Structure formats: C-alpha cells, structure tokens
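Visitor:
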Amino acid sequence: MQPMRLYTAGIADFESIRQAGRVYVDKTDLVYKLSHESKFVFLSRPRRFGKSLLCSTLKYYFQGRKDLFEGLAITELEKDWNKHPVLHFDLSACKNQPNLQEIVRTLEWELKDYERLYGRDETETTPGKRLRGLIERAHEQTGLKTVVILDEYDAPLLDYLHKPDQLEEVRHIMQEFYQTVKICDKDEQFVFITGITKFSQLSIFSTLNNLRNISMEPTYAALCGITKEELLTVFDEDIQMVADRYKQTKEWMIDRLKLNYDGYHFCDGSPDIFNPYSLMNVFVSQRLDYYWFGSGTPTFLFEEMKRFNTNLLELEQLQVPSTQFDVPTEGMTSALPLLYQSGYLTIKDYNFIRDVYTLDFPNAEVKVGFMDNFLSRMMNLCNTNTRGFAGDFYAHLYDHDPDSAMKSMQAFFASIPYLEFGEKELDDIAKYEAYYEVLTYVVFSIFNCRTFTQVKVARGKTDVVVFMRDAVYVMELKMRGTAEEALAQINSKNYAIPYQTEGKPVVKIGIAFSQETKTVSDWIIVKD
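At position 473 of the sequence shown the residue is numbered 1878 (the working numbering), and the sequence of numbers has no breaks.
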C-alpha cells in the first residue's frame, strides 16, 4: 500500500514540516543565496503565499539546524552552519486589536519569550528599546551577531488604514519598534522583513536606506509560491490522484489547476506562479474549490476601494506604469497599489518600449472570490443571497433559458433596497445604468465568464457582452426607456454583428429598468 502523503496546507513551521516528512518544495538554494547577498532585505507577497514558511526556514537555517535540511539543496552550499541567535517576530498577532494599547501589549508578549533567554534591563520601557536591548545582549552573550526576522510587519497598520487619526498613533509606536534594526546594525547578521504592503514613512523604508526590496526582482520571483515545473515534478502523483477522483485525465487536471490557481507574476519575465495554499488544499481535500478567499476577509481592501471610488469595470487588462501600482501605501491616490500588493491583481505583461505593465486578475479563484465579495460588501448586500441569485441566473443561461434568467434578475433586484455605488448617489440616468452594468458584470464574473461592458463598436458602445460556452449575449440596458427601444438600439447600431463570427448563436436582450421599483421592468429576447 502506498504511504499517505502529508502536505503543508496551513503549516508555516519548517521544523514541523521536515520532522513529519511532509511534502516540501525545496527553495533552500535561494535561501542561501539571499542570506549571503544582502544584510537588510524586504519581501512583499500576498497573504497565504508562503512568507511565514520562508521566515521559519531562515530562522532554522541561521540557528544552524543542519539536521532539518538534510537532502535539500542548501547542504551542498553551506559548510559552517553557525548557530546565530534569532529573534523571530510574527506581527500578525497584532491583527484585529481594538486599540493602540492592545497592540503594545501584544508586542510586549512577543518580546517576553526572548527576554527569558537574554534578559531585560529595567530602563527598557518601550517595545523598541526592549528589542534593541535583546539584539545587543544576544550578540554579546553568544558571540555571534543576531538575526532579526519581522514577519507581516504591516499587520498592525492595515486594520487602521482607513482610520487616519488612529493610524498615525499606531504608526508612531511601530516606527519606534522598527527603527531598532537600523540602530543595531553592528550587532546584526541579517534582517528579513515581510509584508503585504509598503509603507514608506515607516523607518524600515525611510531611515533604513540600505534595505533591499526583492519583491520585483526576477531572481527571487519564485521564492514564494510554486512554479509549473515544481508542480509537475514534486506533485506529479498528487495531480494524478485528484484527476482519478474526477474521472479525468492528468492533462485535464493540470489545465484546471492552472485556470484556478496559476497566473501570478511578481516582475516582468517572472515564471507563472501557483498559489501554494490553494494547491495544498486541493491535494488534501481531493477537491477543486476556491480556497484563498475563504482563508481571510480583505476588509481593509474593500474599505479603500470605497474610499477611492474604484471603478470595478476598469480592473481587467489594466495598463499602467510601475509608478502607479508599486508605490507606498500611504501615498496612494487610488486603490490600485493595494490591489496589486495584496495579490488581487498581478502582472500579465510588460512593454519595455512604453515602460507599461498590464495588470489583471491572476486566475479564476481570485476573480470569482473578489466578485462574490464585492457583490455582498461594496453593494451592502450582506443579508441577501447573492450567490444563490448568481447561480440561478447563470444556470438558466447555461440551459439556454434567458427568459428565466431575466425573471431571476428581476426578483433579485426587487429584493434589495436602493443602494449607493461607492460614496456617490446614483441620481441620474447614466449612473443608474452604470450601476446595473456593474451588477450584471459581477454576476457573470462570479462564474468566470468572459464579460465586457461599454464595448466599443463602429457605431457606439454595447452595454454588456457575455461569452458563454455555446452562446454570446449582447445586452442593452435602459433606465428611462423601454425594452423595445433597447433592442432597437442593438439592431440599429449593429452591436451584435462583431460576434457573428464566433461560431455560436448570438442572443440579443433589450432590458428596461424602472427608476421607481429599482428593478427590471421588461425585457425582449431575440436569438440570431
């Protein structure tokens, strides 16, 4: 009988993984290279992307735990295995703290374990002073320089990102804590800092001027995450097992894994990177599902999208220079930097001549989860069964029954109150129509359908175009007007003609909305 494979899903401790014989993707050659190239290093990656496991790997490496690395690439590179003192802080413990005082208490709790080892001076009255004392005493007592690892450095800040007054207070105490890594330069062997976002005004970016940001360096693009080559070699038998469960070929399963979990690029020229958390969960559960969004609620992101009145319809195939998305968080003029740094958008292409990047959703898992959350959060539909409606709507179209799909839409819109999109009142015809375009776009996106709004054609712009498996739907929406007028506009401006070469039926739908009832009042469906 074949032994059971053990995976790393949700496990971020390198020692536990190695001692239990869990499947491990060997990145230790990059760990060695990184630790010998630079002294102060920063890495930004989305949540659940292996940052904490990388921090743990560095901790045990610098502690000289050669026994944990047997059989890995680093054993061919490292000869000394010096046992440095390591101060490893996981700042995610500071998440969801109600006030500054609780954040300080959490920092103090993190410091106490190390103070039992290296002591504490009574004059060290703040978290920053206590950290400085630890770094200096650890070096003095062991004779080897100290390694400092700050994982999720931005966790205390993100909860307060949309609360400027409180953010400044939190920033002040964290600045004092992080300043220490600059002050203690002579006592440090290596400093490694991870996070999701980039706050330039913190000391790690302003006073630590020799900090190397490897987040967009090609050499370290695959430091976190799993490449396709790693997937096909390390997880070959696992792919086959999931394929067998679905009664499909291995090639079919590889395509599904790529569609759902691949597509991340962290620089131009980056290999395709799969989300490691999602892949591990697929192999554990033997089931394709959307795992990444279920592992956390991006409240801070949606708050910032609302604050900046983000246009959801402009997020796909977005062409921007790096100065618009790789910028400090507190200097944002839009939510784009957060969308990129948090992993909701990724690099899909780079034009060297124009110095322009193309950003898009990495894969189906991210897009579907994002749209599902957007529909319930940004539209304040928390008490409405949005996925149930979306499922019914999609199923009817999938079954070639657009009339039932429209009845489902009518019932859904009638069940919700008048809403705001972002912070602006939808108080004119154009904005009302845009509001319903957004809802329609989101519904189809939840099922990863190719959906476009305001599509330019020779004689105008089509409101909504949806590409289904075996049909193309061309929709025109009217707020003050009739379904007949909407259909007449599709015909008179030849909105459907560009899609007649798709080899699928083209279905035209004229839709009228009532400003009084805030729902669909009538529709006409014509199949070419």
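C-beta: ideal position from N, C-alpha, C; glycine also.
All figures in this text were calculated on a predicted structure; none of them were measured in a lab.
1) Please classify Met-1937 as buried or exposed, where buried requires at least 16 other C-beta atoms within 10 Å of its C-beta.
2) If you follow the beta strand (DSSP E) that Gln-1571 is part of, which residue opens it and which one closes it?
3) In whole angstroms, give me the CA-to-CA distance for Leu-1824 and Ala-1740.
4) Which whole runs of the beta strand (DSSP E) in the segment 1483-1527 are 3 residues long or more, in chain order?
5) Is Gln-1729 helix, strand or coil when you go by DSSP?
6) Threshold first: 4 residues or longer. Then list the alpha helix (DSSP H) segments lying entirely within the segment 1835-1916, N to C.
7) Name, in chain order, the residues that DSSP records as bridge partners for Glu-1593.
8) Could you spell out where the beta strand (DSSP E) holding Trp-1657 opens and where it closes?
9) If you run the structure through DSSP and keep just helix, strand and coil, what is Gly-1699?
10) Go to Val-1687, then tell me how far its alpha helix (DSSP H) extends in each direction, as first and last residue.
11) Please classify Ala-1543 as buried or exposed, where buried requires at least 16 other C-beta atoms within 10 Å of its C-beta.
12) Provide the residue span of the beta strand (DSSP E) that contains Leu-1717, from first to last.
13) Along the beta strand (DSSP E) that carries Lys-1456, what are the first and last residues, could you check?
14) In this structure, does DSSP put Phe-1964 in helix, strand or coil?
15) Suppose you measure from the CA of Phe-1918 to the CA of Val-1848; what does that come to, to the nearest Å?
16) What do you reckon, are the CB atoms on Pro-1807 and Ile-1914 nearer than 8 Å?
17) Take Leu-1536 and list the residues in its own chain whose beta-carbon comes closer than 7 Å to its own, dropping the five residues that flank it on each side.
18) Drop a sphere of 10 angstroms on the beta-carbon of His-1493, count the other beta-carbons inside from all chains shown, and report buried for 16 or more, exposed for fewer.
19) For Pro-1623, does the count of other Cβ atoms within 10 angstroms reach 16, so buried, or fall short, so exposed?
20) Please classify Asn-1615: does DSSP put it in a helix, a strand, or coil?
21) Quick check on the DSSP output: the beta strand (DSSP E) that includes Tyr-1762 runs from which residue to which?
22) Measure the beta-carbon distance from Leu-1718 to Thr-1858 and round it to whole angstroms, keeping in mind my assumption that it falls under 8 Å.
23) Taking the alpha helix (DSSP H) that Asp-1808 falls in, what are its first and last residues?
24) Please state whether the Cβ-Cβ distance between Gly-1668 and Asn-1504 is less than 8 Å.
25) Rounded C-beta distance between Arg-1617 and Val-1446? I'm assuming under 8 Å.
26) Let me make sure I understand the geometry here. Which of Ala-1891, Lys-1568, Phe-1597 has the alpha-carbon closest to that of Thr-1551?
27) Assuming Gly-1600 contacts Asn-1680 under a Cβ cut-off of 8 Å, what Cβ separation, rounded to an integer in Å, is found between them?
28) With H, G and I counted as helix, E and B as strand and the rest as coil, what does DSSP make of Thr-1480?
29) With DSSP as the reference, label Ile-1752 as helix, strand or coil.
30) Starting from Lys-1711, trace the alpha helix (DSSP H) in both directions and tell me its first and last residue.
31) Measuring CA to CA, which of Ile-1540, Ile-1578, Ala-1819 is closest to Phe-1948?
32) Could you tell me the alpha carbon to alpha carbon distance between Met-1776 and Gly-1538, rounded to whole angstroms?
33) Tell me, please, whether the segment 1678-1697 touches the segment 1411-1422 by the rule of three or more beta-carbon pairs shorter than 8 Å.
34) Taking only the alpha-carbon atoms, compute the straight-line gap between Phe-1730 and Gln-1746 and give it to the nearest angstrom.
35) Measuring CA to CA, which of Phe-1640, Thr-1602, Ala-1795, Tyr-1695 is closest to Val-1732?
36) If you measure between the beta carbons of Glu-1557 and Asp-1518, is that distance less than 8 Å?
Guide: Once the coordinates are examined:
1) One cannot answer for residue 1937 here, as it falls past the ends of the chain, which runs 1406 to 1933.
2) Gln-1571 -> not in any beta strand (DSSP E); alpha helix (DSSP H) instead, spanning 1569-1583.
3) With a pLDDT of 48 at Leu-1824, under the threshold of 50, the modelled position of that residue is not reliable, and the figure given next carries that caveat. Cα-Cα distance, rounded: 21 Å.
4) The DSSP assignment places complete beta strand (DSSP E) segments of no fewer than 3 residues inside the segment 1483-1527 at 1491-1495, in order along the chain.
5) helix
6) 1888-1897
7) Answer is Thr-1551.
8) Careful: Trp-1657 lies outside any beta strand (DSSP E), inside the alpha helix (DSSP H) at 1655-1666.
9) helix
10) 1681-1690
11) buried
12) From DSSP, Leu-1717 is part of no beta strand (DSSP E); its letter is neither H nor E.
13) Note, Lys-1456: premise wrong, no beta strand (DSSP E); alpha helix (DSSP H) at 1456-1467.
14) In this structure the chain extends from 1406 to 1933, so residue 1964 is not present and cannot be described.
15) 17 Å
16) yes
17) Leu-1516, Phe-1582, Thr-1585
18) buried
19) exposed
20) coil
21) 1761-1765
22) Yes, Leu-1718 and Thr-1858 are in contact; Cβ-Cβ is about 5 Å, under 8 Å.
23) 1807-1819
24) no
25) Right, the Cβ-Cβ distance comes to about 5 Å (below 8 Å), so this counts as a contact.
26) Phe-1597
27) About 18 Å separates the two Cβ atoms, so there is no contact after all.
28) Helix at Thr-1480.
29) Strand, per DSSP.
30) The continuous alpha helix (DSSP H) containing Lys-1711 extends over residues 1704-1712.
31) What the structure shows of the chain is the stretch from 1406 to 1933, and residue 1948 is not part of that stretch, so it cannot be assessed.
32) 47 Å
33) yes
34) 8 Å
35) Nearest C-alpha to Val-1732: Thr-1602.
36) No Cβ-Cβ contact shorter than 8 Å links Glu-1557 with Asp-1518.
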